[in-house]
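To get the working numbering, take the position in the sequence shown, counting from 1, and add 179. Positions of the beta carbon are idealized from the N, C-alpha and C atoms, including for glycine. It should be emphasised that the depicted structure is a prediction, and the values quoted were computed from it without experimental measurement. Working notes for the structure below.
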Amino acid sequence: MDKWKDLRKNLFRAVEPKIKLVAMTQPVGEYRHLCTPETLPAFTARASYESKGTKEDDIRLNRTLIKLGHDTPLQAVQFVFYFSGTTKSLQAQWTRHKVGVGWTFRSTRYISAGQNCFVYNTYDYINEEEKVKELLKIDETVAKQSIDLYEKKRTLGSTKQDARKIMPVFWATSCYFYVNARALRHLFKLRLDKAAEWEIRRMVSILFDICMQWTPSFFEDFKELRNKSEF
């Protein structure tokens, strides 16, 4: 997948999406010895029956809760991620997710959009390299022109927030993303699917791979969907 990635490397201010896990919920005090971030949902769910189990039991209980659709305990675990190389176009889709999520975005009301980078299209559905090169050249021309026109508007006295409106939707932004495990499952369910637009599907595929390193029992039932995502 992404067979034309090398063609994008040297384009004007080209960037690719990157995600870092910044923080996640950690048990504190006496609970540090009773549960881990991954076993916390099952550990708290045991309150219903006043039952007890080992950490291995709690991993199994996580899977059972998910299978039965009892997702509420997953809200116990909150993640903070740092995203870069995501477009304003993607942002419009991403922020449709409303429950259990939040963002702090880089704001070009305050930061000069003249510093903007760009996330170029993959064009993976096109097989002729020369056509892809021509398409990327068009995109690159638009990117360069947008920076030049932005700076011209600023020189003429425009505010940052008015000057930025010249920018194409593929300019890159960054943000901190706050999300609980339950909301992440909803995001993966919708956006790993091949019906999702390619850019958000690529981003969510990267996010899924990171989450699987830390709390695999929360998300492992989406592995098949991830493998079909083509990223």
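- With contacts defined by Cβ atoms closer than 8 Å, PHE356 and THR266 do not form a contacting pair.
- If you draw a straight line from the Cα of ASP318 to the Cα of VAL259, it comes to about 32 Å.
- Here the segment 240 to 260 lies against the segment 217 to 228, with 3 or more beta-carbon pairs under 8 Å apart.
- For ASN359, the enclosing beta strand (DSSP E) covers residues 351 to 359.
- In terms of Cβ geometry, PHE410 and ARG364 do not form a close pair [threshold 8 Å].
- Assignment of LEU371 by DSSP, reduced to helix, strand and coil, places it in the coil class.
- In the three-state reduction of the DSSP assignment, GLY293 falls in the helix class.
- Measuring C-alpha to C-alpha distances from ALA202 to each of VAL358, GLY248, GLN294 and LEU247 identifies VAL358 as the nearest.
- With respect to MET346, ASN295 sits close: the two C-beta atoms are nearer than 8 Å.
- ARG211 and PRO252 have their C-alpha atoms spaced approximately 18 Å apart.
- Around the Cβ of VAL194, a 10 Å sphere holds 16 or more other Cβ atoms; the residue is buried.
- Taking a 10 Å sphere around the C-beta of SER384, we find 16 or more other C-beta atoms and assign the residue as buried.
- The residues ALA292, GLY293, ALA342 and ILE345, in chain order, have a CB closer than 6 Å to that of TYR329 in the same chain once the five nearest residues on each side in sequence are set aside.
- In chain order, VAL311 place their CB closer than 7 Å to the CB of ILE305, counting only its own chain and leaving out the 5 sequence neighbours on each side.
- Residue pairing of TRP282 in beta bridges, as defined by DSSP: PHE356.
- When secondary structure is reduced to three states using DSSP, ILE245 falls in the helix class.
- Uninterrupted alpha helix (DSSP H) stretches at least 4 residues long and entirely within the segment 213 to 271 occur at 219 to 224 and 234 to 247, given in chain order.
- For LEU369, the closest alpha carbon among the candidates THR233, TRP273, ILE389 and GLY232 is that of TRP273.
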